[in-house]
Each structure stands twice: as C-alpha cells, then as structure tokens.
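So the structure is just underneath, and the comments pick up after that.
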Amino acid sequence: MPQAEILTTAQGRSLAYHKTEGTGPGVVFLGGFKSDMQGTKAVHLEAWAQRTGRAFLRFDYSGHGQSSGAFSDGCIGDWAQDAMTAIRALTDGPQVLVGSSMGGWISLLCARGMADKLAGLVTIAAAPDFTEDSMWAGFDAAQRAALQENGEVALPSDYGAPYIITRRLIEDGRNHLVLRAPLDLPCPVRFLQGNADADVETAVALRLLDHAQGPDMRLTLVDGADHRFSDDDCLALIETSLEEVLERCGTA
C-alpha cells in the first residue's frame with residue numbers, strides 16, 4: 127500500500143491522507159470516533175473511486191490513525207477544523223462528503239461551515255451531537271463528578287481499549303451542536319442507518335431527517351445492520367447511494 131502523504135495545518139497538526147486523482151465532483155470520506163482511514167468503508171470507497179475514475183480523499187483526523195497528536199487531546203472542533211482544512215487544501219471544487227458515525231456530525235459541520243465546497247452528502251449511522259445527547263446525557267452522577275474533578279472519565283468500548291472521555295470533549299461539543307439550530311442542506315442527501323445499531327439509535331436518524339431542511343433528502347433504514355455497516359450488502363448500498371447523489375449533483 128502506498129505511504130500516506132502529510133498535510134500540515136495552520137495549527138501545526140500533521141494530517142495523514144491518501145488522495146486519488148479523478149473526475150469531479152470528488153468524494154471525501156470522513157471517519158468515525160477513534161477510527162482511521164484504513165477502515166473497511168474508507169478503503170472500499172477508495173477502490174470504487176479508482177475503478178470508476180472518481181477523485182477521492184481519505185484522511186486521519188489529528189489524534190487518529192497516522193496523524194499527529196494524542197486522541198485524548200482532541201475534540202469535535204479540532205476534528206471539524208482538520209476536515210475543513212483537508213477539504214480546502216486537497217480537493218478541487220465542490221465535494222460529496224461521506225460521513226460515518228462521528229464523521230456524519232463532522233460532515234454536517236462542514237456543510238454549515240463551507241457550503242461552497244458541498245456538492246452532496248451521504249451519512250452512515252450519523253451521530254450528530256453525540257457528546258451531549260449520548261455521552262453527557264448517559265453519565266451518572268459519579269461519572270459527571272469525575273469528569274468535573276479529574277477532567278476525564280473512562281467508558282467501555284466494544285472496539286478495544288476503553289474510551290477516555292475528557293471534559294474538553296464534552297464542553298467543546300456544546301459549541302458545535304447541529305440539532306439545536308436550523309440545518310440547511312441544499313444538495314442531494316442520503317442518510318443510511320441500521321436498525322440493529324447499538325451505538326446510534328434509529329431515533330437519531332429520524333430526528334436528523336426531521337430537523338434538517340433540504341430539497342432532496344432521503345433516509346434508508348436497513349433491517350439487521352449494525353453500527354459498522356460494513357457487510358457486503360451495506361457496502362453495496364453505500365455505493366448505490368453515493369452514485370445516486372453524484373448523478374443528482376450533475377442535474378441539480
């Protein structure tokens with residue numbers, strides 16, 4: 127596999143990335159919380175882009191994968207800033223963003239913060255506002271006290287070592303909520319969600335669809351699909367949804 131290239135941001139963070147040249151609108155994959163650009167969906171979409179001649183970008187947020195920094199030092203604002211910097215610096219023209227889990231939240235922040243770079247949007251098990259609505263709302267009194275007193279709390283994870291959740295992550299998340307104010311998505315949008323997702327409830331996808339405003343939004347619920355959304359059928363659905371968005375971009 128080719129070695130990742132490095133983009134240095136104005137904040138001094140080094141972001142690792144892989145870029146595929148091709149036709150536009152390009153596609154940018156935005157990964158999830160503590161995930162990286164070597165994940166199944168990112169690599170699958172890169173192969174799809176190479177096969178179809180489409181421009182494609184995958185990268186690691188700071189504190190993730192091969193990029194610089196410690197994961198526990200980061201927050202939603204940092205990672206959204208990383209994404210916007212990478213999109214501005216490494217892509218040409220409007221892009222279709224594919225956001226997975228936390229990447230769905232990041233993609234919505236990008237849509238709000240750099241609308242000129244948005245051609246379309248596909249989210250996969252999007253987790254907007256999860257630091258507030260899932261983490262903080264789910265903390266018991268002891269966990270909230272530990273967060274305030276110690277600056278962090280450990281949460282068990284089904285994906286490996288416990289997540290260290292910092293007070294900065296929670297407090298910064300409140301500055302980047304997208305479900306409390308108007309959310310305009312003036313482009314083709316496809317939300318994908320599994321009903322067997324143990325991390326993001328179907329209610330979140332329904333709330334997002336109900337809250338966002340746009341001329342071409344659809345939510346697809348997949349029976350039995352979990353949060354990974356990475357089996358063959360789910361990957362095929364991601365491709366189909368992306369191709370539909372790209373086709374509609376061309377006729378918008």
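Numbering-wise (our numbering), the sequence shown opens with residue 127 and increments by one.
Heads up, the beta-carbon is just placed ideally off N, CA and C, and yes, glycines get one too.
Measure the Cβ-Cβ separation of residue i and residue j and say whether it is below 8 Å.
| i | j | result |
| --- | --- | --- |
| K167 | I250 | yes |
| A253 | G230 | yes |
| P201 | L247 | Looking at the sequence itself, residue 201 is Cys, so the reference to Pro does not match. For C201 and L247, no; Cβs fall outside 8 Å. |
| G157 | S226 | yes |
| P151 | A209 | no |
| R344 | R374 | no |
| I232 | A212 | no |
| H353 | D323 | yes |
Counting only the same chain and skipping the five closest in sequence on each side, list residues whose C-beta sits under 8 Å from that of residue i.
| i | result |
| --- | --- |
| L347 | Q319, G320, N321, T328 and A331 |
| L216 | L133, Y143, K145, L183 and F185 |
Measuring only the C-alpha atoms, how far is residue i from residue j?
| i | j | result |
| --- | --- | --- |
| R238 | A175 | 26 Å |
| T257 | V153 | 27 Å |
| A378 | L273 | Summary for A378: the model assigns pLDDT 43, below 50, so the residue's position carries little reliability; its value from the coordinates is reported in the next sentence. Computed Cα separation, rounded: 47 Å. |
| R270 | V279 | 8 Å |
| E297 | A173 | 38 Å |
| L363 | S260 | 27 Å |
| E369 | V222 | 10 Å |
| F355 | V326 | 12 Å |
| A130 | K243 | 24 Å |
Provide the residue(s) that pair with residue i in DSSP beta bridges, ordered along the chain.
| i | result |
| --- | --- |
| H144 | R184 |
| E131 | Y143 |
Which same chain residues end up closer than 6 Å to residue i when comparing Cβ atoms and leaving out the 5 residues on each side of it in sequence?
| i | result |
| --- | --- |
| N276 | none |
| D255 | L303 and L305 |
Between which residues of its own chain and residue i is the CB-CB distance below 7 Å, once the five residues before and five after are set aside?
| i | result |
| --- | --- |
| G148 | A175, G179, R180, A181 and F182 |
| D162 | D186, H190 and G191 |
Item to check | Three CB pairs or more closer than 8 Å across the segment 305-312 and the segment 283-295 | outcome: Judged by Cβ distances under 8 Å, the segment 305-312 makes no contact with the segment 283-295, as fewer than three pairs qualify.
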